[in-house]
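The structure under discussion appears below in the form of structure tokens.
Numbering (my numbering), first residue to last: 477 to 903.
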């Protein structure tokens, strides 16, 4: 029996297989994906088979890549939502891993035991805009029944033709997602979706739960306390839930949030480890023996349990009344912008919560005791600068305003304050 690859070894292996010519995941578009797939096919035509299986609303190709000749057929698809790009790049990394290590015992076992089909980019029009929905304005993951989108029809047709034993539905999740009530970021979440409103089990769903348990065991040493279980409410219109009804149980993997200024690389590494660990276990047959209890004991996510920045116990001025002591919560999200004629991804921030936020966690917590928080004034402000407290009308902190703030510490009895921190997100 081949011993599973240790998680930390896979984490390090990612750097050797990740293509260096790809832009950051949020800027990867269909031409990047198509070029990467054709390069792999041309380099190893006996290993990779590439097929155009459909077109998006705006005519961009939907490409299916296949490798392996084994009896167990798997279907993986990514980026149903155009602003959830991590797994698209991670899938390309997995394909590169297969290409470079095809003669290793582990990958050779994949090729003889599995036939893997992957749609790395299901919503290329949404990816072009960095938006959730397709060019029609429809959420593809709510189109499993109506099939109003060409992308949804393509996924359904591929599933019906291949009849895979297991599907992998790959997404990014909101950066407000925490693990239960811990206040810690759910950097990876998994789910074996139900196939009915009663959330019953059948052999297929139990199988998916076991694969989720494998992923947990692979990731937990790397991100202790940062792995959650996605909400398992039945969604009658969703693909994952309906594939279970149609005979293909699915594993949902949701990537993010990650608490660092540059989250892309850690998120890609973790998604890569999750996918490779799952495929290894399926190729070796060890997934069948996984402990379902390891899945069922994963804490559920809390969808609005996490802030990007939390200032605790600062002095704040509302629109009326005297100053009061409150917590300030900032949420952040990525957005597509044009800078000097080129697309780039920026982090925007908004004051979302104000008051007692003791039940929320954050990727960064600032102790605001003895400090005053006010909006940034026009012009340049630097840390260490001494300023008078702004006029009352310019001190108001309210929800839904841009997170452009300064944290002040009083320095004398004349109302002067030193700037302790400048908080500024992109617009």
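Think of the CB as a built atom: it goes at the ideal place given N, C-alpha and C, for glycine as much as any other residue.
Remember, it's a predicted structure, so these values are computed and weren't measured experimentally.
Going by Cα to Cα distance, which pick from 751, 776, 804, 873 is closest to residue 487? Checked all of 751, 776, 804, 873; the closest Cα to residue 487 is 751.
With residue 743 as the anchor, note down where its alpha helix (DSSP H) starts and where it stops. Looking at the DSSP string, the run of the alpha helix (DSSP H) that includes residue 743 is 740-760.
What are the partner residues of residue 549, as DSSP defines its beta bridges? Its beta-bridge partners are 591.
Could you check the C-alpha separation between residue 737 and residue 822 for me, to the nearest Å? Answer to the nearest angstrom: the Cα atoms are 11 Å apart.
So the candidates are 613, 592, 867; which of them puts its Cα closest to the Cα of residue 545? If you compare the alpha carbons of 613, 592, 867 with that of residue 545, the shortest gap goes to 592.
Is it right to say residue 713 is buried, meaning 16 or more other beta carbons lie within 10 angstroms of its own, or is it exposed? In the assembly as shown, residue 713 is an exposed residue. Its beta-carbon has fewer than 16 other beta-carbons within 10 Å.
Rounded to whole angstroms, what is the Cα-Cα separation between residue 770 and residue 793? Between the C-alpha atoms of residue 770 and residue 793 there is a straight-line separation of about 48 Å.
With DSSP as the reference, identify every bridge partner of residue 803, one or two as the case may be. In DSSP, residue 803 forms a bridge with 831.
Rounded C-alpha distance that separates residue 881 from residue 838: For residue 881 and residue 838, the distance between alpha carbons rounds to 17 Å.
Beta-carbon within less than 7 Å of residue 536's beta-carbon, same chain only, minus the 5 sequence neighbours each way: which residues are those? In the same chain as residue 536, and ignoring 5 residues on each side of it, the C-beta atoms closer than 7 Å to its own belong to 506, 600, 601, in chain order.
Residue 894 by DSSP, collapsed to three states: which one? In the structure shown, residue 894 sits in a strand (DSSP, three-state: E or B).
Would you call the CB atoms of residue 669 and residue 550 closer than 7 Å? No, the pair does not count as a contact, with Cβ atoms beyond the cut-off.
Answer yes if the segment 716-728 comes into contact with the segment 793-810, meaning at least three C-beta pairs across the two stretches below 8 Å, and no otherwise. Remark: fewer than three beta-carbon pairs, one from each stretch, lie closer than 8 Å, so the segment 793-810 and the segment 716-728 are not flagged as touching.
Straight-line Cα distance separating residue 711 from residue 612: Distance from the CA atom of residue 612 to the CA atom of residue 711, rounded to whole angstroms, is 21 Å.
Straight-line CA distance for residue 643 to residue 725? Distance from the CA atom of residue 643 to the CA atom of residue 725, rounded to whole angstroms, is 6 Å.
CB-CB under 6 Å to residue 829, same chain, minus the five flanking residues each way: which ones, in chain order? For residue 829, where only same-chain residues beyond five positions count, the Cβ hits under 6 Å are 805.
Give the range of the beta strand (DSSP E) segment to which residue 790 is assigned. Looking at the DSSP string, the run of the beta strand (DSSP E) that includes residue 790 is 782-792.
With H, G and I counted as helix, E and B as strand and the rest as coil, what does DSSP make of residue 631? The DSSP-derived three-state label of residue 631 is helix.
Residue 509 beta carbon less than 7 Å from that of residue 597: A contact, by the Cβ cut-off of 7 Å.
In this structure, how does DSSP classify residue 817 when only helix, strand and coil are distinguished? Of the three classes helix, strand and coil, the one that applies to residue 817 here is coil, per DSSP.
Taking 7 Å as the threshold (C-beta atoms), are residue 702 and residue 663 in contact? At the C-beta level, residue 663 and residue 702 come within 7 Å of one another.
Beta-carbon spacing of residue 732, residue 649 below 7 Å: Yes; because the gap between Cβ atoms is below 7 Å, this pair is in contact.
Take residue 868 as the anchor and find which of 848, 875, 885, 855 has the nearest alpha-carbon. Closest by alpha carbon: 848.
CB-CB under 7 Å to residue 503, same chain, minus the five flanking residues each way: which ones, in chain order? Spatial neighbours of residue 503 in its own chain (CB-CB distance under 7 Å, excluding positions within 5 residues in sequence) are listed in chain order as 819, 821.
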